[in-house]
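Going by my numbering, the first residue of the sequence shown is number 25, and it counts up by one from there. Idealized CB from N, CA, C, for every residue including glycine. Values in this document were obtained by computation on a predicted structure and should not be read as measured data. The block underneath contains the structure these notes are about, expressed in structure tokens.
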Amino acid sequence: MDQDDNCYRINLINKDNLVASLTKKLAIKTESAFQKALNNVNSITVKGINIDLNSSETEYDIVLEKIQEKVKKQNKYVVVTIDEITNTEAVREFAQVFNELKGDNLPIFVLMTGLPDLILDIQTQSKLTFLLRSEKIHTLPLKNADIIAAYTSVFNCSLSVASRMAKMTGGYAFAFQLLGFLLFDQLNGKIPESADLDKVSIPFQLQLFDNAYQKIFIDLSEWDRKYLLAVRGNKRLQDVVKILGKDKVFVAQYRRRAIERKLIIPAGYGLVQYTLPYFDEYLKQTEDPDSAYYWGY
Numbered sequence: 025m026d027q028d029d030n031c032y033r034i035n036l037i038n039k040d041n042l043v044a045s046l047t048k049k050l051a052i053k054t055e056s057a058f059q060k061a062l063n064n065v066n067s068i069t070v071k072g073i074n075i076d077l078n079s080s081e082t083e084y085d086i087v088l089e090k091i092q093e094k095v096k097k098q099n100k101y102v103v104v105t106i107d108e109i110t111n112t113e114a115v116r117e118f119a120q121v122f123n124e125l126k127g128d129n130l131p132i133f134v135l136m137t138g139l140p141d142l143i144l145d146i147q148t149q150s151k152l153t154f155l156l157r158s159e160k161i162h163t164l165p166l167k168n169a170d171i172i173a174a175y176t177s178v179f180n181c182s183l184s185v186a187s188r189m190a191k192m193t194g195g196y197a198f199a200f201q202l203l204g205f206l207l208f209d210q211l212n213g214k215i216p217e218s219a220d221l222d223k224v225s226i227p228f229q230l231q232l233f234d235n236a237y238q239k240i241f242i243d244l245s246e247w248d249r250k251y252l253l254a255v256r257g258n259k260r261l262q263d264v265v266k267i268l269g270k271d272k273v274f275v276a277q278y279r280r281r282a283i284e285r286k287l288i289i290p291a292g293y294g295l296v297q298y299t300l301p302y303f304d305e306y307l308k309q310t311e312d313p314d315s316a317y318y319w320g321y
């Protein structure tokens with residue numbers, strides 16, 4: 025995209041007011057070379073509309089539409105990238121504005137990445153179901169062989185140590201990066217041994233809990249949470265039905281939702297398995313009144 029002169033690529037940080045951020049960045053990119061050369065650009069005029077880039081009162085959706093019309097006349101297009109998407113008011117507002125721009129046949133495209141369950145939550149919002157028709161690419165878990173090869177290459181460790189590291193990550197990309205970072209930070213160039221993995225095991229789990237699993241659990245409905253807790257300990261479907269006090273049809277829909285969110289996979293004979301490393305331990309912590317992760321279930 026960066027090599028295509030007809031493409032304006034805008035990278036957004038997932039925070040408050042994505043629409044305003046996109047409008048400001050795109051306004052600056054589409055202006056003349058002279059204006060870009062200015063050290064400080066505080067306002068820009070587009071089709072007679074003055075944009076105060078420092079104002080909080082600008083109707084950015086209207087301004088953005090005007091800029092997009094200008095881009096279309098230039099026979100160019102806009103690609104917006106957003107990493108680690110979450111179900112927030114800012115994201116929902118951005119999605120609605122994006123839908124309006126696409127409805128007007130304006131050349132804008134969006135690439136969003138994030139955890140499957142969080143993306144699903146956004147797609148199923150009442151005003152955002154149009155996102156269900158968008159193309160989705162589900163990344164597969166990392167292969168053990170690739171993880172082992174990467175760790176042995178970076179740390180020059182033995183196959184047995186690299187294999188244990190791969191098992192700790194469970195093929196989860198974030199866990200793969202996190203474990204590598206923790207070891208690199210601790211070892212100071214030393215070749216990791218099994219004892220080093222023992223030392224980072226607890227910090228590794230806690231950072232998974234804080235930086236990934238808490239976010240996942242918070243954004244689930246109460247019954248989604250109860251289902252995930254009920255299947256702990258290799259419970260069969262009929263056991264989960266009894267635990268939740270609901271019929272099979274009711275329980276089956278939450279089983280399906282957990283599968284769609286890539287939180288579990290079927291394991292045969294009515295059993296399921298968690299897909300994320302140490303997720304079982306995290307759920308155990310949510311049930312412990314003495315734990316910092318206690319949810320009261």
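Here Phe179 has Pro216 as same chain residues with Cβ atoms under 6 Å from its own Cβ, once five neighbours each way along the sequence are excluded. Relative to the Cα of Tyr306, the nearest Cα in the group Pro165, Leu164, Ala282, Tyr237 belongs to Tyr237. Inside the region 173 to 226, DSSP marks whole alpha helix (DSSP H) runs of 4 or more residues at positions 183 to 193, 197 to 211, from first to last along the chain. Taking all protein chains in view, the Cβ of Ile288 is crowded by 16 or more other Cβ atoms within 10 Å, so the residue is classified as buried. Counting along the chain, Tyr84 sits inside the alpha helix (DSSP H) bounded by residues 84 to 97. Membership of Phe133 in the beta strand (DSSP E) is indicated by the continuous run 132 to 136. Taken in chain order, the whole alpha helix (DSSP H) runs of length 4 or more contained in the region 264 to 294 are 272 to 284. Distance from the CA of Ala291 to the CA of Gly213, rounded to the nearest whole angstrom, comes to 40 Å. Per DSSP, Ile52 is one residue of the alpha helix (DSSP H) stretching across 42 to 53.
The Cβ atoms of Ala254 and Val264 lie closer than 7 Å to each other. For Gln231, DSSP records no beta bridge to any residue. Only residues of its own chain outside the window of five on either side were considered, and among them Tyr293, Gly294, Leu295 have a CB closer than 8 Å to the CB of Arg260, listed in chain order. It is roughly 36 Å from the alpha-carbon of Ala173 to the alpha-carbon of Arg249. For the pair Glu311 and Asn235, the Cα-to-Cα distance works out to about 19 Å. Scanning its chain for C-beta atoms nearer than 6 Å, with the 5 sequence neighbours on each side dropped, one finds around Tyr84 the residues Val43, Ala44, Thr47, in chain order. Each of Ile86, Gln98, Lys39 was checked against the Cα of Tyr32, and the nearest Cα belongs to Gln98. Shown here, Thr110 sits in coil according to DSSP, grouped into three states, outside any helix or strand.
Excluding sequence positions up to five before and after Phe133, its CB lies within less than 6 Å of the CB of Val103, all in the same chain and listed in chain order. In this structure, Met136 lies away from Ile171, with their beta-carbon atoms at least 7 Å apart.
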